[in-house]
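Q:
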Amino acid sequence: MGLAKNIQKLPPWYFLFPAIFVGISVTLPLVYLVFRAVDGDWQQSYELIFRQRNLTLLYNTLALTGGVLVTTTFLAFPYAWLTSRTDIPGNKLITLLGVMPLAIPGYVLAYSLLGLGGTNGTLAQLFGIIIDRPSGYWGSLLAISLYTFPYLFLNLRTGFIGLDTSTEEAARSLGLSSFKILLKVTLPQLKPSFYAGMLIIGLYVIGDFGAVSLMRFETFSYALFLQYESAFDRVYAAWIALMLLTLTGTILIGEYKLLKGLSFYRTGTGTARKTKVLKLGHWKWAAFTFVFLVTLIAIIIPVITILFWMAQGVDPIVWNTLGHSVRSSVMASAPAAVLAIFFALPLAYISIRYPSRLSSILQRFAYLGYATPPLALALAFIFFSLSAVPFLYQSLGLLVFAYALHFLAESMGPIRSALYQAPPRIEEAARSLGYSRFKAFWLTTFPLLKSGIIAGAAFVFLSAMKELPITFILSPIGFETLAVNVWSFSAEAMFAEAAPFALCILFFSILFVYLLFAREWKRA
Amino acid sequence: MEKSMNCLLRATNLTKRFSTQDPPVVDRVSFTVQHEEIFAILGPSGCGKTTTLRMIAGFERTDEGSIQLNGKTLECPYTHISPERRGVGFVFQDYALFPHLTVLENVKFGLTGISKSEREYRAQEILELIGMKAYHNRKPHELSGGQQQRVALARALAPKPSMILMDEPFSNLDAVLRQSTRNEVRRILKEAKMSAILVTHDQEEALSVADRIGVMDQGRLVQIGTPEEVYYRPKTKFVAQFLGRTNLFSAQATGLEAHSNIGSIMLDKPARGDVMISIRPEHLTLEQATPANCSGTCGVIQNREFKGHDITYLIKLDRGDCIVHTDNRMPFGVGDNVIVRPLEPAVVLDNDSTRYTPDQSIFTSSDTGKSSA
């Protein structure tokens, strides 16, 4: 009897199988990674793990992560406060400007910062100012912080808007000063938003490869790349990847522990009052200055640098390569977007319509693929394909598959929110009218998911278009995407040649940002 | 009692558990539905009535028991006909209209296996029946609650199912609309010669729409009967209280008569010893107390509620109190001494029903069930 009941609770196979397939696809390569690492003798493994260099790498990675978290907080917090709690004129434009830096990926920003300084950099040629080329820790810090602070900004802004201001008024009536209220009432309530933003940024920093490699700052990711590309020491590369994964795991567990027990629901029953807006008065000029400075450094200067190098004259051969790269990028990204939807739809459907321990575990795998540092993921796929499916090694199919698994989580959000809006009973209604389980889904729920699916696919497509590290390691020989070209030319200090590719990336990234912004604006 | 040949649906010993620790949500429920009959399952929220309905539709599997429709087994521990092959229409509490389709497309949705022109004709015909022809091009969100309700019914009726199942069909409507929609739905069902099972927590709804009612409590069907039967002759204290205001007295029975705190009273069936009896407030009336007729059973009026067409009195008796509905010509006021006279025999309740006593006061209002929804 119990069995019959359990079968009833199971989702249909055509949703369950793809979901389980995703879970296996994310974990199996990681298992191969472990196998590869412990492949050598114990003596060797011991030496590789307890190298002095690992400590340096760990220190560098943590120092960069910490630095970026502090910098982004100083950028994002005032920005979020300005756009949610004050009467600053042009709120929508300023919010958009705060999201815009996402359009300039870390490696493009690194490229433009490199192109800015030096004796023949943009500054030197335009204004005669010679500054040192930013590099190393500070260069990486600047490039990554400017690129990632919008993630924290968006989270904090949503947090500010969702805040119940009556708690602040209650504190005021109890005699607390404005500063004390900020410290004791407002900030604690923003904790979940803070942690969510910091998680994304933290994971990004430890996984970033483009910016640190151009700035030549040795973190785990960069070292992994060097081991793999130059030294061909795959066992050590596998160990570094495992260390990266351990670091990722620690961050995820830490986040889980921090968020546990933190729930800030409104306890009152009345409607939440509209947020009280602070009148800036003459302070608005200070606010404008802040916004302008951030925009100048994060957007205007990089774009001008790219355009400047573009104007330096580009070798006509490069234009040929450009068309080729665009085609390559699309050829890998478009199928990845479609595949990601095929994975995300069943996962989202199961997690919402058949909530159970199994479905929440399966859903977590989708996010695991996203949280895994891209280089570690790519390396795991290399090991996996070499030993299990050699015919896929260095094939376009494997690249597409890796993209889909990595960016799957980005398409989950829009699909899930569309599913939440679709009334759950309409499928039962269709079944009582004589349609099979699948047809009922296909004719009733699916049409309501269309916009969510399109948005989800667009996120995956645009993310894949600017992806660098996975492409680097997994792409077939001679397969050069836009991102790979920006990186290779910049690494050779061929800034003029890199410019058209960077501009193309910028174009696709702006679409991404616009999509993100449109959804966020509608939600808030 | 319903072994007749023209029984349409037969549910036998339906049992459903959602977890092994808890008692079953539906516990050995058996009932039948005749052709062209409207059957209501009435009970407070959480009593298992919706689960029962969903088992008949095939959305939930049964753990034990069987369901037969037109003599064909739909469900038993070894058989499960899927919902789409049962030929049973379902009207959902929130209507579940397809938001991306127009009214006409919604109605046409279940019309498969017939020609295009037939589909169109049948859909228009059914829209005519529910009086929604003018709205055929609207999308569901452009309709009022009552209109959505009628479209949902039309959509379920269109493929000519063997019967219609309705889950709290009027609960999303406001009070004024509820009344008129109720009558309208009954008219449509009767006109279409359609059998239906209606699930509701609203006794007034069940009493006015259904031909027969099954009252459900904690997963069990405690009484099945016509509206008059379950209202006037409740079997248990629960049924007596759930279907409206009532007076419950403990009495000493001696055959067809009993002695209670309003004095001697006739019983509906012979009994002996201590019994619990129920009598509806409208089956009582009041008389001026005089030294001659007051032999220790008179009471004092504690409260008087004038409601236009009738009056409700609360009478304080020697032990406990009681409520009396009278017509509006009774001249009594608060503080008057009165005698309570039964107009009908009281109903002897099964003594196994110990539940549903909110406090020790003798009467409860029918709202107890309603408000918990």
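Keeping their order, the protein sequence lines are chains A and B. Using the working numbering, the first residue of the first sequence is number 56, and each one after it goes up by one. Using the working numbering, the first residue of the second sequence is number 893, and each one after it goes up by one. Note that CB positions come from ideal geometry on N, CA and C, so glycine has one too. These figures come from a predicted structure and were not determined experimentally.
1) Would you check if the distance between the CB atom of B/T954 and the CB atom of B/T907 is smaller than 8 Å?
2) Answer with yes or no whether the minimum CB distance from A/R486 to chain B is below 8 Å.
3) Got a sec? Which residues, its chain only, sit under 6 Å from A/Y404 by beta carbon, not counting five neighbours each side?
4) Along chain A, in chain order, which residues have C-beta atoms closer than 7 Å to that of B/A949?
5) Taking Cβ positions only, does A/Y569 come closer than 8 Å to chain B?
6) In whole angstroms, give me the CA-to-CA distance for A/T82 and A/T174.
7) Rounded to whole angstroms, how far is the Cβ of B/V1107 from the Cβ of B/G981, which I believe are closer than 8 Å?
8) Starting from the beta carbon of B/E976, find every residue of chain A whose beta carbon is closer than 7 Å, and list them in chain order.
9) Using a Cβ cut-off of 7 Å, pull out every chain A residue sitting near B/H992, in sequence order please.
10) In its own chain, which residues sit with a C-beta less than 8 Å from the C-beta of A/M386, not counting the 5 before and 5 after it?
11) Based on DSSP bridge pairs, tell me the residues matched to B/R1196.
12) Is it buried or exposed for A/F443, if we count other Cβ within 10 angstroms and need 16 for buried?
13) Closer than 7 Å by beta-carbon distance: list the chain A residues that pair up with B/G981, in chain order.
14) Counting C-beta neighbours from all protein chains within 10 Å, is the total for A/I411 16 or more, i.e. buried, or is it exposed?
15) Go ahead and pull the three-state DSSP assignment for B/G1155.
16) Taking the beta strand (DSSP E) that A/F363 falls in, what are its first and last residues?
17) Output needed for B/R1074: all residues of its chain with C-beta closer than 8 Å, excluding positions within five of it in sequence on either side, in chain order.
18) Out of A/F514, A/A546, A/L570, A/F398, which has the shortest C-alpha to C-alpha gap to A/S167?
19) Could you check if A/L65 is buried or exposed, using at least 16 other CB atoms within 10 Å of its CB as the buried criterion?
20) For B/G979, which of helix, strand or coil comes out of DSSP?
21) Please give the ranges of any beta strand (DSSP E) in the stretch 921–1008 of chain B, keeping only runs that are unbroken, at least 3 residues long and fully inside the region.
22) In its own chain, which residues sit with a C-beta less than 7 Å from the C-beta of B/V1131, not counting the 5 before and 5 after it?
23) Could you pull the start and end residues of the beta strand (DSSP E) that B/M1058 belongs to?
24) Among B/Q1110, B/I1105, B/K1129, which has the Cα closest to the Cα of B/P1119?
25) Say whether chain B places a C-beta atom closer than 8 Å to the C-beta of A/T324.
26) Relative to the C-alpha of A/S100, which residue among A/Y291, A/W338, A/D219 is closest?
27) Using a cut-off of 7 Å between C-beta atoms, extract the partners of A/T499 located in chain B.
28) Helix, strand or coil: which one does DSSP assign to A/I186?
29) Answer yes or no: does any C-beta atom of chain A fall closer than 8 Å to that of B/T1004?
30) Considering Cα atoms alone, identify which of B/R946, B/D1228, B/I1231, B/P1173 is closest to B/I1203.
31) Among the residues of its own chain, which have a CB less than 8 Å from the CB of B/I1018, if the five just before and after it don't count?
32) Mind checking A/D142: buried by the 16 CB within 10 Å criterion, or exposed?
33) Rounding to the nearest angstrom, what Cα-Cα distance links A/N210 and B/G1111 in this structure?
34) Considering only C-alpha positions, which residue in the set A/L453, A/I509, A/T500, A/N540 is nearest to A/P531?
35) Please confirm whether A/F272 and A/N109 have their CB atoms less than 8 Å apart.
36) Count the C-beta pairs between the stretch 211–226 of chain A and the stretch 245–263 of chain A that are closer than 8 Å, then say yes if the count reaches three, no if not.
A: Looking at the coordinates:
1) Here the question's residue 954 of chain B lines up with position 62 in the second sequence. Here the question's residue 907 of chain B lines up with position 15 in the second sequence. Contact flag set, yes.
2) Walking along the first sequence from the start, residue 486 of chain A turns up at place 431. Proximity of A/R486 to chain B, defined by a Cβ-Cβ separation below 8 Å, is satisfied.
3) The residue given as residue 404 of chain A occupies position 349 in the first sequence. For A/Y404, same chain residues with a beta-carbon under 6 Å away, outside a window of 5 residues either side, are F70 in chain order.
4) Residue 949 of chain B sits at position 57 when you count from the first residue of the second sequence. Near B/A949 (Cβ distances below 7 Å), the residues of chain A are S487.
5) What you label residue 569 of chain A is simply residue 514 of the first sequence in a count that begins at 1. False, the Cβ-Cβ gap to chain B never drops below 8 Å.
6) In the first sequence, the residue the question calls residue 82 of chain A occupies position 27. In the first sequence, the residue the question calls residue 174 of chain A occupies position 119. So the alpha carbons of these two residues sit roughly 49 Å apart.
7) Position 215 of the second sequence, counted from the start, is the residue given in the question as residue 1107 of chain B. Position 89 of the second sequence, counted from the start, is the residue given in the question as residue 981 of chain B. With 8 Å as the limit, B/V1107 and B/G981 do not qualify as a contact, their Cβ atoms being about 24 Å apart.
8) What you label residue 976 of chain B is simply residue 84 of the second sequence in a count that begins at 1. Residues of chain A passing the Cβ test: R486, G489, Y490, S491.
9) Residue mapping note: residue 992 of chain B aligns to position 100 of the second sequence, counting from 1. P502, L503, listed in chain order.
10) Stepping through the first sequence from its first residue, residue 386 of chain A is reached at position 331. Same-chain partners within the cutoff: L451.
11) For the purposes of this step, residue 1196 of chain B is taken as the residue at position 304 of the second sequence. In the DSSP output, where bridge partners are listed per residue, B/R1196 has B/Y1205.
12) Start at 1 with the first residue of the first sequence, and residue 443 of chain A comes out as number 388. The question names Phe, but residue 443 of chain A in the sequence shown is Ala. With fewer than 16 other beta carbons inside 10 angstroms of its own, A/A443 counts as exposed.
13) Taking the first residue of the second sequence as position 1, residue 981 of chain B is located at position 89. Going along chain A in sequence order, the residues near B/G981 (Cβ under 7 Å) are S487.
14) Residue numbering aside, residue 411 of chain A sits at position 356 when the first sequence is read from its first letter. The sequence shown places Ser at residue 411 of chain A, not Ile. So A/S411 ends up on the exposed side.
15) Sequence index remark: in the second sequence, residue 1155 of chain B carries index 263 (1-based). In the structure shown, B/G1155 sits in a strand (DSSP, three-state: E or B).
16) The sequence position of residue 363 of chain A within the first sequence is 308, counting from 1. No beta strand (DSSP E) contains A/F363, which is instead part of the alpha helix (DSSP H) from 356–366.
17) In the second sequence, the residue the question calls residue 1074 of chain B occupies position 182. The answer, listed in chain order, is F1062, E1097, S1100, V1101.
18) Mapped onto the first sequence, residue 167 of chain A falls at position 112. Comparing Cα-Cα distances from A/S167 to each of A/F514, A/A546, A/L570, A/F398, the minimum goes to A/A546.
19) Indexing the first sequence from 1 puts residue 65 of chain A at position 10. A/L65 should be labelled exposed.
20) Residue mapping note: residue 979 of chain B aligns to position 87 of the second sequence, counting from 1. Collapsing the DSSP output to three states places B/G979 in coil.
21) Runs of the beta strand (DSSP E) inside the stretch 921–1008 of chain B: 930–934, 956–961, 964–968, 980–983.
22) Within the second sequence, the letter at position 239 stands for residue 1131 of chain B. Excluding sequence neighbours, B/V1131 sits near V1107, V1114, Q1115, V1122.
23) Mapped onto the second sequence, residue 1058 of chain B falls at position 166. Taken as a continuous stretch (DSSP letters only), the beta strand (DSSP E) holding B/M1058 covers 1055–1059.
24) For the purposes of this step, residue 1119 of chain B is taken as residue 227 along the second sequence, with counting starting at 1. It is B/I1105.
25) Counting from 1 along the first sequence, the entry for residue 324 of chain A is found at position 269. Confidence in A/T324 is poor, its pLDDT being 43 and thus under 50, which makes the residue's placement unreliable; the coordinate value appears in the next sentence. The Cβ of A/T324 sits no closer than 8 Å to any Cβ of chain B.
26) For the purposes of this step, residue 100 of chain A is taken as residue 45 along the first sequence, with counting starting at 1. Cα-wise, what sits closest to A/S100 is A/Y291.
27) Counting from 1 along the first sequence, the entry for residue 499 of chain A is found at position 444. Chain-ordered, the chain B residues with CB closer than 7 Å to the CB of A/T499 read F990.
28) Mapped onto the first sequence, residue 186 of chain A falls at position 131. A/I186 falls in the coil class under three-state DSSP.
29) Counting from 1 along the second sequence, the entry for residue 1004 of chain B is found at position 112. It does; some Cβ of chain A falls within 8 Å.
30) The residue given as residue 1203 of chain B occupies position 311 in the second sequence. With distances taken between Cα atoms, B/I1203 lies closest to B/P1173.
31) Translated into the one-based positions of the second sequence, residue 1018 of chain B becomes position 126. Counting only residues of its own chain and dropping the five nearest sequence neighbours on each side, B/I1018 has a CB closer than 8 Å to the CB of V999, A1046, L1049, A1050.
32) Working through the first sequence from its first residue, we reach residue 142 of chain A at position 87. Label assigned to A/D142: exposed.
33) The residue given as residue 210 of chain A occupies position 155 in the first sequence. The residue given as residue 1111 of chain B occupies position 219 in the second sequence. Spanning the two alpha carbons is a distance of roughly 47 Å.
34) Working through the first sequence from its first residue, we reach residue 531 of chain A at position 476. Nearest C-alpha to A/P531: A/L453.
35) Within the first sequence, numbered from 1, the residue matching residue 272 of chain A stands at position 217. Within the first sequence, numbered from 1, the residue matching residue 109 of chain A stands at position 54. The Cβ atoms of A/F272 and A/N109 do not sit closer than 8 Å to each other.
36) Enough Cβ pairs lie closer than 8 Å, so yes.
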